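Please read the structure below before turning to the comments.
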Amino acid sequence: MSSNVEPSPPYHPAYSSAYTTSDSPQQSSQEAEDTGIDASLSWIPQGMPQLRPTSRLEKPVVIPRVGTASKLQIPLPFLRVYSHVLRAHDIHESDFLSMIDNLAVAQAASPPMKAVDTAGMVLGFVPYHWAQAAGFGIQVAAGVGTAGISAARTKAFFKKVNEMYLNPRGLKVSIKKDEDLVALLGLPANGPALGPSDMNREPIALRDRRMQILAPHIAPLTLEVPPPAEQRSVLDRISARQVSKRIAKQEKDFVKKFDKQSRKSEKRRRKGKEGYIIKVEAKQLEDIAKLQYLVIENLYG
Numbered sequence: 063m064s065s066n067v068e069p070s071p072p073y074h075p076a077y078s079s080a081y082t083t084s085d086s087p088q089q090s091s092q093e094a095e096d097t098g099i100d101a102s103l104s105w106i107p108q109g110m111p112q113l114r115p116t117s118r119l120e121k122p123v124v125i126p127r128v129g130t131a132s133k134l135q136i137p138l139p140f141l142r143v144y145s146h147v148l149r150a151h152d153i154h155e156s157d158f159l160s161m162i163d164n165l166a167v168a169q170a171a172s173p174p175m176k177a178v179d180t181a182g183m184v185l186g187f188v189p190y191h192w193a194q195a196a197g198f199g200i201q202v203a204a205g206v207g208t209a210g211i212s213a214a215r216t217k218a219f220f221k222k223v224n225e226m227y228l229n230p231r232g233l234k235v236s237i238k239k240d241e242d243l244v245a246l247l248g249l250p251a252n253g254p255a256l257g258p259s260d261m262n263r264e265p266i267a268l269r270d271r272r273m274q275i276l277a278p279h280i281a282p283l284t285l286e287v288p289p290p291a292e293q294r295s296v297l298d299r300i301s302a303r304q305v306s307k308r309i310a311k312q313e314k315d316f317v318k319k320f321d322k323q324s325r326k327s328e329k330r331r332r333k334g335k336e337g338y339i340i341k342v343e344a345k346q347l348e349d350i351a352k353l354q355y356l357v358i359e360n361l362y363g
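Under my numbering, the first residue of the sequence shown is numbered 63, with each subsequent residue one higher.
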């Protein structure tokens with residue numbers, strides 16, 4: 063008996079579209095990331111900027127981070143400040159602060175990654191070697207992953223901000239390490255590195271002592287700015303709260319550390335031993351290398 067079954071048609075990529083049209087997890091993640099970056103740029107005004115004919119910065123705008131962080135930690139945000147020299151470039155206070163605030167959110171740890179890091183921390187408290195090792199491994203993995211995501215977000219954010227906002231205004235923004243900033247400003251290698259500090263008075267953060275030295279070479283800044291606007295998305299609001307908590311914790315830890323150092327230095331001073339004060343100062347000079355700055359400079363030198 064002959065069979066009437068027709069042979070299967072030859073394979074063609076178009077026939078398998080039903081099984082391949084769905085985006086891969088990597089594609090979906092990238093699309094979500096791009097959408098997030100675009101949402102963080104909604105503050106950029108539409109239309110051409112109103113510029114003066116010869117608008118150039120005499121000195122770069124240099125803004126330090128709130129504090130330093132380890133390589134596996136998400137970097138702390140930059141200070142919320144404004145420089146009035148930016149008005150000549152049609153950069154208004156509200157837009158500039160929105161840039162700083164949205165950069166902080168872009169660099170912040172995503173809530174899922176923060177949850178993974180917290181899970182690792184909890185495991186670390188379990189009194190078993192295997193649990194502590196697993197907890198440490200989870201935290202390291204979360205730290206590496208979060209740091210990588212933060213770096214990628216920052217790069218994408220700056221690319222868009224420069225193209226859409228600052229370049230048309232004759233400017234550009236980047237993050238610079240202290241040594242790179244020194245080269246940009248042309249500071250002498252043998253000059254003072256830090257402003258004065260007295261351990262018996264109010265605590266002065268390392269960044270503020272460093273900014274005392276940089277002040278004559280950079281555009282003036284003002285701290286008198288309005289508070290940040292609330293982020294639009296739920297995840298961004300969570301990230302913003304995480305940033306605020308980290309800042310508060312660092313400030314608390316700094317005051318606590320300052321008080322401890324003050325008590326030690328006073329005891330050493332009474333005993334006629336100044337070595338501790340010299341040691342603390344030397345440590346701060348080393349920590350200068352960890353400082354980072356948000357730098358707005360002329361697009362063309």
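Every residue gets a Cβ at the ideal spot worked out from N, C-alpha and C, and that includes glycine.
No experiment lies behind these values; they were computed from the predicted model shown.
Proximity below 8 Å, CB of residue i to CB of residue j
| i | j | result |
| --- | --- | --- |
| residue 355 | residue 124 | yes |
| residue 219 | residue 104 | no |
| residue 154 | residue 232 | no |
| residue 255 | residue 275 | yes |
| residue 141 | residue 122 | no |
| residue 360 | residue 148 | no |
| residue 349 | residue 130 | yes |
| residue 240 | residue 351 | yes |
| residue 169 | residue 132 | no |
| residue 287 | residue 138 | no |
| residue 235 | residue 223 | yes |
| residue 230 | residue 111 | yes |
Counterpart residues of residue i in DSSP-defined beta bridges
| i | result |
| --- | --- |
| residue 354 | 239 |
| residue 125 | 356 |
| residue 227 | DSSP lists no partner for residue 227. |
| residue 220 | Per DSSP, none; premise fails for residue 220. |
| residue 130 | Paired residues: none, contrary to the question. |
| residue 140 | 127 |
Helix, strand or coil at residue i according to DSSP, with G and I counted as helix
| i | result |
| --- | --- |
| residue 233 | strand |
| residue 362 | coil |
| residue 215 | helix |
| residue 185 | Note that residue 185 scores a pLDDT of 36, beneath 50, so its modelled location is shaky; the value from the coordinates is reported in the next line. Residue state, collapsed to three classes: helix. |
Whole-angstrom distance between residue j and residue i, CA atom to CA atom
| i | j | result |
| --- | --- | --- |
| residue 106 | residue 99 | 12 Å |
| residue 250 | residue 279 | 12 Å |
| residue 281 | residue 272 | 15 Å |
| residue 253 | residue 225 | 37 Å |
| residue 341 | residue 146 | 39 Å |
| residue 167 | residue 257 | 31 Å |
| residue 296 | residue 163 | Note that residue 296 scores a pLDDT of 48, beneath 50, so its modelled location is shaky; the value from the coordinates is reported in the next line. Approximately 15 Å between the Cα atoms of the pair. |
| residue 415 | residue 277 | Nothing can be reported for residue 415, as the shown portion of the chain is limited to 63 through 363. |
| residue 156 | residue 135 | 29 Å |
| residue 390 | residue 214 | No answer is possible for residue 390: it lies beyond the span of the chain, which begins at 63 and ends at 363. |
| residue 343 | residue 285 | 27 Å |
| residue 109 | residue 248 | 36 Å |
| residue 246 | residue 259 | 26 Å |
| residue 357 | residue 346 | 22 Å |
| residue 378 | residue 228 | Missing from the structure shown is residue 378; the chain here goes from 63 to 363 and no further. |
| residue 353 | residue 242 | 11 Å |
| residue 161 | residue 283 | 16 Å |
| residue 165 | residue 221 | 12 Å |
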